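Presented below is the structure to which this report refers.
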Amino acid sequence: METVRTIEETRREVRAAKADGKSVGFVPTMGALHEGHLSLMRAGRQETDFLVISVFVNPKQFNDPKDLKAYPRELKADAEKANGVGVDLIFAPSDAEMYPKGAVTFVDQHRLTERWEGAHRPGHFRGVLTVVAKLFNIIEPDIAYFGRKDFQQAAIIKTMAADLNMSVEIKVLPTVREPDGLAMSSRNVHLSEDERKQALCLFRALSRGREMVEAGERDTGKIVTEMKQFIDGNPLARIDYVAIADPDRLEKREQVEPGDVALVAVRIGKTRLIDNMILLKER
Ligand code: AMP
């Protein structure tokens, strides 16, 4: 496994693999790799011949400079973990390599980006879409892997790939959780012992929502109210949003329908966490 810093080298390596007839898998990450990231890499390892990951803390998707500064960076440990699951190439560019001075083109999207995460983090999805489009152009993967943990991001990227006729297949894989249910996240390292306990309220509230649906409740107002009350029972928790939406356009629902998803964003102390759960299986 090799770690390369430049776009030119990355292109050379990927093109050499393609010239050998190999299919290319790609997992974009911001590093601080955990089992969630590794599950995407294992899928890529199984399904494609040449597996590339990127490790790039993308400044353009951070709307809060403090969040960007505090984001964990640990490339050496990341490289060891990636090597352990059989990654072929890590692309770890500098900010200047990805965003040379003078660039004036961005990728943006209407509708889906305006709700939930988009409403709370202005400019975030424009940063995500732009960097993912650039990475797709650099690596030209056959299959790219994303986590359902970032449900709205996955929906937005699928939409971009379809709208812009990108020749990449987007695969979205299940959320990997800690044994108690907390969704794995690079941001979990910021949680104090007390915060770590209360961070479980996201998963518990989602599970409670699903239990209500399983018991026959369909009124999203009632379910959301109960989920919010549950989260508010944790003194360190501040809710950004709790919502129930359809899984494609992420529009708010009045009555739960098959496939619908509950989305939560909660600040636990200074750490902002998101999670989601499908409430009712599709028939
Ligand atoms: P990040 O490094 O946080 O930008 O995440 C890189 C990719 O890993 C994204 O597609 C995320 O959705 C995915 N990911 C992050 N956490 C998890 C998790 N707990 N389970 C599955 N995928 C995840």
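If you want our numbering, it's the 1-based position in the sequence shown plus 725.
Beta carbons: idealized from backbone N, C-alpha and C, even for Gly.
No experiment lies behind these values; they were computed from the predicted model shown.
Checklist line | Alpha-carbon to alpha-carbon, GLN786 and VAL853 | finding: In the sequence shown, the residue the question calls residue 853 occupies position 128. In the sequence shown, the residue the question calls residue 786 occupies position 61. Those two C-alpha atoms are separated by around 6 Å.
Notebook entry, point to check: Under 7 Å between C-beta atoms, does ALA908 make it to chain C?
Noted result: The structure shown contains no chain C; it is built from a single protein chain.
Margin query: I want to know whether the region 751-760 touches the region 793-804 - three or more CB-CB distances under 8 Å.
Written below: yes
Next item on the list: Excluding the 5 residues preceding and the 5 following ASN783 in the sequence, name in chain order all residues of the same chain whose CB lies nearer than 8 Å to its CB.
Entry: Position 58 of the sequence shown, counting from 1, holds the residue named residue 783. Result list for ASN783: MET755, MET823, GLY852, VAL853 and VAL856, in chain order.
Notebook entry, point to check: Any idea what DSSP makes of GLY750, helix, strand or coil?
Noted result: Sequence index remark: in the sequence shown, residue 750 carries index 25 (1-based). Strand at GLY750.
Note to self: Assuming contact is defined by CB atoms lying nearer than 7 Å, are VAL938 and VAL981 in contact in what I supplied?
What the structure shows: Counting from 1 along the sequence shown, the entry for residue 938 is found at position 213. Counting from 1 along the sequence shown, the entry for residue 981 is found at position 256. Yes, Cβ-Cβ distance for VAL938 and VAL981 is below 7 Å.
Next item on the list: Less than 8 Å between the CB atoms is what I'm expecting for MET1002 and ARG935, so what's the real figure, rounded?
Entry: Sequence index remark: in the sequence shown, residue 1002 carries index 277 (1-based). Sequence index remark: in the sequence shown, residue 935 carries index 210 (1-based). So it is a contact: roughly 6 Å between Cβ atoms.
Checklist line | Where the beta strand (DSSP E) through ASN1001 begins and ends | finding: By one-based count along the sequence shown, residue 1001 stands at place 276. Residues 996-1003.
Check: Cβ of ALA908 within 6 Å of any heavy atom in the ligand AMP?
Finding: Position 183 of the sequence shown, counting from 1, holds the residue named residue 908. Checking every heavy atom of the ligand AMP against the Cβ of ALA908, one is found closer than 6 Å.
Check: If you pair each beta-carbon of the region 836-846 with each one of the region 969-978, do three or more pairs fall below 8 Å?
Finding: yes
Item checked: Coarse secondary structure for ARG921, derived from DSSP in three states -> Along the sequence shown, one-based indexing puts residue 921 at 196. Reduced to three states, the DSSP call for ARG921 is helix.
Item checked: Integer-rounded CB distance, given that LEU776 should sit under 8 Å from VAL812 -> Here residue 812 corresponds to residue number 87 of the sequence shown, with the count starting at 1. Here residue 776 corresponds to residue number 51 of the sequence shown, with the count starting at 1. That pair is a contact at about 5 Å.
Notebook entry, point to check: Since GLY814 and GLU727 are thought to touch, with beta carbons under 8 Å apart, how far apart are those beta carbons, to the nearest angstrom?
Noted result: Residue numbering aside, residue 814 sits at position 89 when the sequence shown is read from its first letter. Residue numbering aside, residue 727 sits at position 2 when the sequence shown is read from its first letter. A small correction: the amino acid at residue 814 is Leu; Gly does not occupy that position in the sequence shown. So it is a contact: roughly 6 Å between Cβ atoms.
Next item on the list: Indicate whether ILE732 and ILE863 have their beta-carbon atoms separated by less than 7 Å.
Entry: Indexing the sequence shown from 1 puts residue 732 at position 7. Indexing the sequence shown from 1 puts residue 863 at position 138. It is a contact, given that the beta carbons lie within the stated cut-off.
Check: So what does DSSP say about ARG1008, is it helix, strand or coil?
Finding: In the sequence shown, the residue the question calls residue 1008 occupies position 283. Reduced to three states, the DSSP call for ARG1008 is coil.
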